[in-house]
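Student:
Numbering (the UniProt record's numbering), first residue to last: 1 to 328.
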């Protein structure tokens, strides 16, 4: 490139980040040969590198006009192919928060990971995502191109919170309708949001029970039948129901349909944080707060499993820690 010998560039050996950064120059100075190379990649006769790029970095290229998103499309296909061969993130499902507050990096990561998870799953989960809403829906992602698919996810319905109880209802209904075995059941439900779990969790169906007006039985004199000779009147009392209560009910419902396990929720707050990303647990839920490229790489390499030990290792992986010695 420095010698401006554009017509001799071996495009198949260009690293993924360099391809992303310099494709505009390739189009400008060697358009015919570069487009020929892209057609060969599309036909499976050549390879394009994508290993050093994260999913949201690939879809960010879709806004570039120089190549019409062709490079992003091919690099995306390469990422899906490579991860599929490794069996990573198979039979998982994503709940995508595409509300206005997600603008910026959280939105890009949410859309990219939601789409990636959907494309790595097997039928009947393949190509599907769930809306972040009080009335969640299981959607088949529409579109032929990467641009169309990402736009579909961005335009999905959203709410200020989501009903996880109904998310599991959707999963169970789909499993039963398709006579799925336990091995075919969803392993993990990834929730990509900019909220914490306790903020995002919404249960519009609180525990209902009936109690007498005023908290005690009114006593009426005389009359025919009933307590004190009169009919006892009751009012409906709504009590908030906790996630722990819902999770027990979810486990019971899955058990009644012959499934011994319930998919795990991995709830990831993607909003940038000055603190080190934190991993915690709640009954049936793995909680991740904060975002970094290293954490996303760990997430993808681990097939969606992010544990506290790995995050601790990530936190002390910088050059400034290498000179430290641990004395026991």
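Yeah, the Cβ is synthetic: ideal placement off N, Cα and C, and Gly gets one too.
Can you tell me where the alpha helix (DSSP H) with residue 154 in it begins and where it stops?
Tutor: Looking at the DSSP string, the run of the alpha helix (DSSP H) that includes residue 154 is 146–154.
Student: Could you name the residues of the same chain whose beta carbon sits closer than 6 Å to that of residue 157, not counting the 5 residues immediately before and after it, in chain order?
Tutor: These residues qualify, in order along the chain: 131 and 133.
Student: Expressed to the nearest angstrom, what Euclidean distance is found between the alpha-carbon atoms of residue 116 and residue 27?
Tutor: Those two C-alpha atoms are separated by around 28 Å.
Student: DSSP on residue 5, reduced to helix/strand/coil?
Tutor: Of the three classes helix, strand and coil, the one that applies to residue 5 here is coil, per DSSP.
Student: Cβ-heavy atom distance between residue 268 and the ligand FAD below 7 Å?
Tutor: Of the ligands one can find in the structure shown there are none, so the ligand FAD has no counterpart to examine.
Student: Mind checking whether residue 106 and residue 270 have CB atoms under 8 Å apart?
Tutor: Taking 8 Å as the Cβ cut-off, residue 106 and residue 270 qualify as a contacting pair.
Student: Grab me the residues of residue 142's own chain with a C-beta within less than 8 Å of its C-beta, minus the 5 sequence neighbours each way, in chain order.
Tutor: Same-chain partners within the cutoff: 148, 149 and 152.
Student: Please identify the residue among 76, 290, 37 and 44 whose C-alpha is closest to the C-alpha of residue 52.
Tutor: Cα-wise, what sits closest to residue 52 is 76.
Student: Based on the DSSP output, what are the partners of residue 128 in its beta bridges?
Tutor: Paired residues: 140.
Student: Can you check the UniProt domain "DUF2828" (1–89) for any alpha helix (DSSP H) of at least 4 residues that lies completely inside it and give the ranges in chain order?
Tutor: Listed in chain order, they are 16–42, 55–59 and 70–86.
Student: Out of 97, 72, 80 and 101, point me to the one whose CA is closest to residue 301's CA.
Tutor: Residue 301 has its Cα closest to that of 80, out of 97, 72, 80 and 101.
Student: Please report the residue range of the beta strand (DSSP E) in which residue 119 lies.
Tutor: Taken as a continuous stretch (DSSP letters only), residue 119 belongs to no beta strand (DSSP E), being part of the alpha helix (DSSP H) at 105–120.
Student: Sort out for me which residues DSSP pairs residue 269 with in a bridge.
Tutor: The partner list for residue 269 (beta bridge, DSSP) reads 193 and 289.
Student: With which residues is residue 94 paired in a DSSP beta bridge?
Tutor: 190.
Student: Where does residue 162 fall in DSSP's three states?
Tutor: Residue 162 falls in the strand class under three-state DSSP.
Student: With a 10 Å radius around its C-beta and 16 neighbouring C-beta atoms as the bar for buried, classify residue 249 as buried or exposed.
Tutor: Burial call: exposed.
Student: Can you tell me the Cβ-Cβ gap for residue 146 and residue 73, rounded? I've got them flagged as a contact below 8 Å.
Tutor: So it is a contact: roughly 5 Å between Cβ atoms.
Student: Which of the three DSSP states is assigned to residue 264 in this structure?
Tutor: Strand at residue 264.
Student: Please report the straight-line C-alpha distance between residue 10 and residue 48, rounded to a whole angstrom.
Tutor: Whole-angstrom Cα-Cα distance: 11 Å.
Student: Looking only at its own chain, which residues have a Cβ that is under 6 Å from the Cβ of residue 286, when we skip the five neighbours before and after it?
Tutor: Same-chain partners within the cutoff: 266.
Student: Do residue 121 and residue 93 count as a contact pair if the criterion is CB distance below 8 Å?
Tutor: It is a contact, given that the beta carbons lie within the stated cut-off.
Student: Taking a contact to mean a Cβ-Cβ separation below 8 Å, would you say residue 59 touches residue 108 in this structure?
Tutor: Yes, they are a contact pair.
Student: According to the neighbour-count rule (16 or more other Cβ atoms, all chains shown, within 10 Å of its Cβ), is residue 34 buried or exposed?
Tutor: So residue 34 ends up on the buried side.
Student: Taking just the CA atoms, how far does residue 162 sit from residue 55?
Tutor: When rounded, the distance between both Cα atoms is 25 Å.
Student: So the candidates are 112, 88 and 87; which of them puts its Cα closest to the Cα of residue 97?
Tutor: Checked all of 112, 88 and 87; the closest Cα to residue 97 is 112.
Student: Please report how far the alpha carbon of residue 22 lies from the alpha carbon of residue 61, in whole angstroms.
Tutor: Using only the alpha carbons, I get a separation of about 12 Å.
Student: Exposed or buried, which one is residue 103 when buried takes at least 16 other CB atoms within 10 Å?
Tutor: Looking at its Cβ environment, which holds fewer than 16 other Cβ atoms inside 10 Å, residue 103 is exposed.
Student: So, with DSSP's three-state summary, where would you put residue 257?
Tutor: Of the three classes helix, strand and coil, the one that applies to residue 257 here is coil, per DSSP.
Student: Below 8 Å between beta carbons: does that hold for residue 257 and residue 167?
Tutor: Contact flag unset, no.
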